[in-house]
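Colleague:
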Amino acid sequence: MGKKGTRAEQSYPKHPFLLSPDEVISHLETSTDVGLSNARVEEYQQKYGPNRLEGDGGVSWYAILGKQISNAMILVLVLAMALSYGVEDFVEGAVITAVIVLNVVIGFYQEFQAEKKMDALRSLSSPSAAVVRDGNEMTIPSAEVVPGDIVSIKTGDTVPADLRLFEVMNLECDEAILTGEALPVAKEVEFETKHGIAKEDLGLGDRLNIAYSSSTVTKGRGRGVVVYTGMSTAIGGIAASMQGKKRKPNRSMSRKKYGPMQPVKGGALRTYDGVRKFLGLTGGTPLQIKLSKLAYVLFGCAILLAIIVFGVNRFNVTNEVAIYAISTGIAIIPESLIAVLTITMVVGMTQMRKRKVVVRQLSALEALGGVTNICSDKTGTLTQGKMVTRKAWIPGVGIYSVENSNNASDPTEGTVTLGKAPRSRQEVEAERLAREEAFDRKRSTAGISFDLPSEKLQKDAEKASEKSDTDVKSNPEVTPELQAFLESAALCNLATVRKVAEDGEEEKWKTAGDPTEIALQVFSHRFNYGKKALEESGWVQKMEYPFDSSIKRMSVVYTKPGLEHSLIFTKGAVERIIDLCTSVGVGDKHEEMTPTLKEAILEQMTFLAEQGLRVLAIARRDTTLEIEEHSDVDRSVVEKDLCLLGLAGLYDPPRLETKAAVQACTTAGITVSMLTGDHPSTATAIAKEVGIIPKNMGTLAPDVAAAIVKTATEFDRMTDAEIDALPTLPLVVARCAPETKVRMIEALHRRKKFAAMTGDGVNDSPSLKLADVGIAMGLNGSDVAKSASDIVLTDDNFASIVNAVEEGRRMFDNIQRFVLHLLTSNVGEVILLICGLGFQDDTGFSVFPLSPLQILWINMLTSSFPAFGLGREKASPDVMERPPHDNKKGVFTWELITDMLVYGTIQGTCCLMTFVFIVYGPGPDGLGQDCNRKYNDTCDVVFRARAAVFAELTWLILISAWEFKAMRRSMFRINPHDTRTFPFFADIWENQFLFWSVVIGAVSVFPAVYIPGLNTSVFKHKGISWEWAPAIVCVFVFVSGMEAWKYVKRAAGWFKEEETEGMKGRRLGPSSAVLSLRQGFFTMTRSFTKSKSEEKQRTPVTMELGTRDRNARQPHVLPRVREDV
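Residues in the sequence shown are numbered consecutively from 1, following UniProt numbering.
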């Protein structure tokens, strides 16, 4: 009954949908609680192979080979080869042929390896699966799933393999990709067939206990055991049809459908598409397409230069003239540009993977460096995502507080106390001041003890004991009011809390699920009211209404033996739940909801939220409605007339590295906005803690203070014109809905901003697609969100976004460096050859200063490896201290174009002067006869001059690679913060690939000049002696010229980028009167991590300050802590 898999057959006694869950689990030797063991997983992976479709995501070698052959660089070389053979210069023709073959082979190998590596990296962001293995829940790539894995699926997930379901709750799957059925299919663990059809005869769509691979969960949740993977799945059977590509409009060749002229029209458009694809003008990222276009522009320039060469020689196209035209054509083309770009991008992707970022779209690599705004979620991104229920307010009882608990998973850690709830704002303020005074007293007297009389100590202890007895009770008993709260919190909950032993070690508490629900479940476990214990005591779930971000609540329906009615338990945002409540409390604390009572409850919520707690409301109601799974009872009928049982205050501490990351964003000219579903007070408290907004809002202008914190309701109510009129867009949006994120992105785009947006839910797909860079969460993100994103964070950490921006800027800078390096040498060569047209011999033919093969050697070998080295450069020290680059301008900025022309002109002029000096300077003069084709006695001077120019140009190109490590700063002090006297040698040694490329390239000149036969027959130059002198002198002239141009740019302020707010803040210092929204610099809170560039920039400064302190010999004084704003 099995299907044929990629390796072993995946077979069963009967089809899994006909078997019970226990039979399937027994057959696969697995367990619903523990899952497969690691040893069994390895065995099944060997046996059944990876869980992927054949040909899915594979690298097409022939497409890459075609791409290598079809680029403009190769086309120019092919023309040069044809011309060489045409004029019977077989040595040159053979060398160019070898160069073409070598270039194609090396380019093919490099790109093939790069594509395979990119595929491997992309697979990390492909749909993932939540599985249980060895008793631990983990998230793995879908490709690693094997038969027997226990998989959990929920709304928004893509089913990773064919599953035999054994637990479902309101589960519905969209199987249109498989069956074509538009409506989602409701799944059941056991089902009866309709109309007397035998189960064996049921089609795919009617097998309701199977969830099929590649289908999407549209509603509910479920668990199942994997029965088929890879090509053995149902989708594997139709994989061939799934992999077909859709044609563009008007490409049909059908005469019947579209008329008699359609074959001509369709054929022409298909040919046009094919030519564009062949030329590399349709596939790839915007930068790759731009460089392909540049290549063809240069190809046109090569033809134009050839025409100029022919024109100077009055179109008398002899062999000599043709060879000169070949030289100019080859000179203007940077043959290795595309290969260098591809490899640089792969290196960039690999570096990002190391920094917890997986790139799904290569275009995101280019875009990241230009991000001006980051809109981030709070929970789990800015914060740790490990929530603890710190407070629980029960009406009429008081506030239960959890203290001394640092482990979010352990319900036995810490103590629970019961205290009175504050009645007014004055009480809260008094409590806060008392807490701060106690902390200050503790801090100021740390380590100091006094001898106090024992009578006083005993008296103080008695007072404290009396106070605690009256105000706070430790380990309180479970009252009926608390019991009702705990039952609702535990049952309206999908999280699990269990104690498991690993590898013979002592048992540890393990949790699985959403952090919010884990916090509530752990709190219930503290009183032995966990979900598992309650269900074992008779509670049975009948229906679930999952959490919906648009209404911000979740409900479940339960029954219990002995109860005549069902109970509906609901939890969610306080404002949404309280409007549905008609009463508060249970038992003798029960009272009807009144406007006054509602205000008092909202005030309690505000008290909790102002402590940075996320506040949820817990409610329930009785119902006589018959509600079963998959029933069509609308949730609006169920979620009404509720009774409020209490409020839960959850604390999610900010990540230690978040504040430093916000600071790094500000210094880099990036504004951070927090878009969260939390209450405004909670969101504001956390935003102040991480530095997104100032702690003292009163120091801001009133209109700015009013604009920077908004609720989604306020923001969505505003028109586009009103939003555009705000002095600044909100930095905090609370109670944020998915539609609010879309409006925020649109508002940023209207302000010409380049925005990155984070998202994890199904509903976040529109905003992720609309954002310039969509960022999905790798740990808690849905598969739908991942598929809509450009990059995926593997650790859901905000600091990783900053790392990605830094890496994007590094790669952008490196692309600029190697593009400038390659094009500068081309400009220099063209200037040299065009001016060289004036050097005409006795027969009237132009004598070229560089032969075609010398140019090829320089372009292919001399330039390529330093260009690869520049692509591997580390981030410059100030990479995160300058504004984002303009993505519309891209790589080709006016500074780059100007630099290219200036440096190319200096390079070409130096080489031209060397050629002139040797030909017309000391010793015999003369350009000889027929010196373009072969060596003869009259060509001695010309061949020597060529050798000197060849050596000089090689060295100038190599030295320029070191100069291009910094576009504006001197090569001799690349890092402006470096305190070393002469850091040049340390700086060039830092990038060892580039260092050895330059050194080996410089040394390779000598064998090329002196090896007999190779020099005169191939390169058309010969060994030299005193001619080395002008070449060496021009190296110093060239370096001086480049340094002078950089100095002029710095002194005159040409192409200078504006300062960011963070840079101004650092320069002006905290005492500055300038007030601005310098995020992250509002407080002097200690930062625990820094970006790489920040560490590199700050280390020498610290040394300098330390030295200054020692020299001053002043006593060490603790710094004053103060706030900027």
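Built from N, CA and C at the ideal position, the CB exists for glycine as well.
Reducing DSSP to helix, strand and coil, say where Val-99 ends up.
Modeller: Note: Val-99 maps to helix in three-state DSSP.
Colleague: Note the first and the last residue of the continuous beta strand (DSSP E) segment covering Asp-622.
Modeller: Per DSSP, Asp-622 belongs to the beta strand (DSSP E) from 613-623.
Colleague: Report the residue from Ile-627, Ala-234, Thr-740 and Ala-619 whose alpha carbon sits nearest the alpha carbon of Leu-675.
Modeller: The residue with the shortest Cα to Cα distance from Leu-675 is Thr-740.
Colleague: Using DSSP's beta-bridge definition, name the partner residues of Trp-393.
Modeller: Answer is Ile-399 and Leu-647.
Colleague: When we look at the beta-carbon of Lys-354 and count the other beta-carbons within 10 Å, is it buried (16 or more) or exposed?
Modeller: With fewer than 16 other Cβ atoms within 10 Å, it is exposed.
Colleague: Could you give the distance in angstroms between the alpha-carbon of Gly-236 and the alpha-carbon of Ala-1002?
Modeller: Going by the C-alpha atoms only, they are around 56 Å apart.
Colleague: Report yes or no: do the region 769-786 and the region 854-868 share at least 3 C-beta pairs separated by less than 8 Å?
Modeller: Flag = no, the region 769-786 and the region 854-868 do not touch.
Colleague: Could you tell me which residues DSSP puts in a beta bridge with Arg-133?
Modeller: DSSP, once it has assigned bridges, lists Leu-36 and Asn-136 as partnering Arg-133.
Colleague: Which class does Gln-663 belong to by DSSP, given the choice of helix, strand or coil?
Modeller: Reduced to three states, the DSSP call for Gln-663 is helix.
Colleague: Check each candidate in Ile-303, Thr-193, Glu-190 and Val-672 and name the one with the smallest Cα separation from Asn-373.
Modeller: When each option's Cα is compared against that of Asn-373, the closest is Val-672.
Colleague: Spatial neighbours of Asp-886 within its chain, please: C-beta separation below 7 Å, excluding the five flanking residues on both sides.
Modeller: Excluding sequence neighbours, Asp-886 sits near Gly-370.
Colleague: For the putative contact between Val-557 and Lys-542, defined by C-beta atoms under 8 Å, what is the C-beta separation to the nearest angstrom?
Modeller: With 8 Å as the limit, Val-557 and Lys-542 qualify as a contact, their Cβ atoms being about 5 Å apart.
Colleague: Let me confirm a value: Asp-925 is counted as buried when at least 16 other C-beta atoms fall within 10 Å, else exposed. Which label applies?
Modeller: With fewer than 16 other Cβ atoms within 10 Å, it is exposed.
Colleague: Tell me which residues share the same chain as Ile-100 and place their Cβ nearer than 7 Å to its Cβ, disregarding the 5 neighbours each side in the sequence.
Modeller: So the list reads Ile-74, Leu-77, Val-78 and Met-81, once near-sequence residues are dropped.
Colleague: What does the Cβ neighbour count give for Tyr-272, buried or exposed, with the cut at 16 atoms within 10 Å?
Modeller: So Tyr-272 ends up on the exposed side.
Colleague: Helix, strand or coil: how does DSSP classify Arg-223 here?
Modeller: In this structure, Arg-223 counts as strand in the three-state DSSP scheme.
Colleague: In the DSSP output, which residue or residues are listed as bridge partners for Thr-496?
Modeller: Paired residues: Ala-512.
Colleague: Please list, in chain order, all residues of the same chain as Thr-1099 whose beta carbon is under 6 Å from its beta carbon, the five residues on each side excluded.
Modeller: Note that Thr-1099 has pLDDT 43, beneath the 50 cutoff, so the model's placement of it is unreliable and no number is given.
Colleague: Are the beta-carbon atoms belonging to Ile-552 and Arg-576 less than 7 Å from one another?
Modeller: Here residue 552 turns out to be Lys, not Ile, going by the sequence shown. Yes, the Cβ-Cβ distance between Lys-552 and Arg-576 is below 7 Å.
Colleague: In whole angstroms, what is the alpha-carbon distance linking Val-733 and Val-709?
Modeller: Taking the straight line joining both Cα atoms gives about 6 Å.
Colleague: Below 8 Å, how does it come out for the region 816-824 and the region 37-52: are there three or more Cβ pairs, yes or no?
Modeller: Segments in contact, no.
Colleague: From the DSSP secondary-structure annotation, give me the bridge partner or partners of Asn-373.
Modeller: Answer by DSSP bridge pairing, in chain order: Thr-671 and Ala-755.
Colleague: Taking only the alpha-carbon atoms, compute the straight-line gap between Ala-39 and Leu-171 and give it to the nearest angstrom.
Modeller: Roughly 32 Å separates the two Cα atoms.
Colleague: Determine the contact status of Glu-167 and Arg-223, defining contact as a CB-CB distance below 7 Å.
Modeller: The answer is yes: Cβ separation under 7 Å.
Colleague: Compute the beta-carbon to beta-carbon distance between Thr-954 and Val-1033, rounded to the nearest angstrom, for a pair I have assumed lies under 8 Å.
Modeller: No, Thr-954 and Val-1033 are not in contact; Cβ-Cβ is about 15 Å, not under 8 Å.
Colleague: Using only alpha-carbon positions, find the residue among Asp-33, Ala-8, Ala-364 and Val-227 that is nearest to Ala-804.
Modeller: Checked all of Asp-33, Ala-8, Ala-364 and Val-227; the closest Cα to Ala-804 is Ala-364.
Colleague: Which word fits Leu-482, buried or exposed, when buried means at least 16 other C-beta atoms lie within 10 angstroms of its C-beta?
Modeller: Classification for Leu-482: buried.
Colleague: Just the C-alpha distance for Lys-277 and Lys-67, rounded to the nearest angstrom, thanks.
Modeller: So the alpha carbons of these two residues sit roughly 9 Å apart.
Colleague: According to DSSP, is Phe-1055 helix, strand or coil?
Modeller: In the structure shown, Phe-1055 sits in coil (DSSP, three-state: anything other than H, G, I, E or B).
Colleague: Buried or exposed for Tyr-12, please, with buried defined as at least 16 other CB atoms from any protein chain shown within 10 angstroms of its CB.
Modeller: Tyr-12 comes out buried.
Colleague: Beta-carbon separation of Pro-422 and Phe-191 under 7 Å?
Modeller: Cβ distance not < 7 Å, so Pro-422 and Phe-191 don't count as in contact.
Colleague: With distances taken Cα to Cα, identify the nearest neighbour of Val-1039 among Ile-957, Phe-995, Trp-989 and Pro-983.
Modeller: It is Ile-957.
Colleague: Kindly indicate the opening and closing residues of the beta strand (DSSP E) around Gly-572.
Modeller: Per DSSP, Gly-572 belongs to the beta strand (DSSP E) from 566-573.
Colleague: So Asp-841 and Gly-904 are in contact, right, with Cβ under 8 Å, and what is the actual spacing, rounded?
Modeller: With 8 Å as the limit, Asp-841 and Gly-904 do not qualify as a contact, their Cβ atoms being about 27 Å apart.
Colleague: Using the Cα positions of Leu-494 and Ile-106, report the straight-line distance between them to the nearest angstrom.
Modeller: About 54 Å.
Colleague: Taking only three categories from DSSP, how would you classify Lys-531?
Modeller: Correct three-state label for Lys-531: helix.
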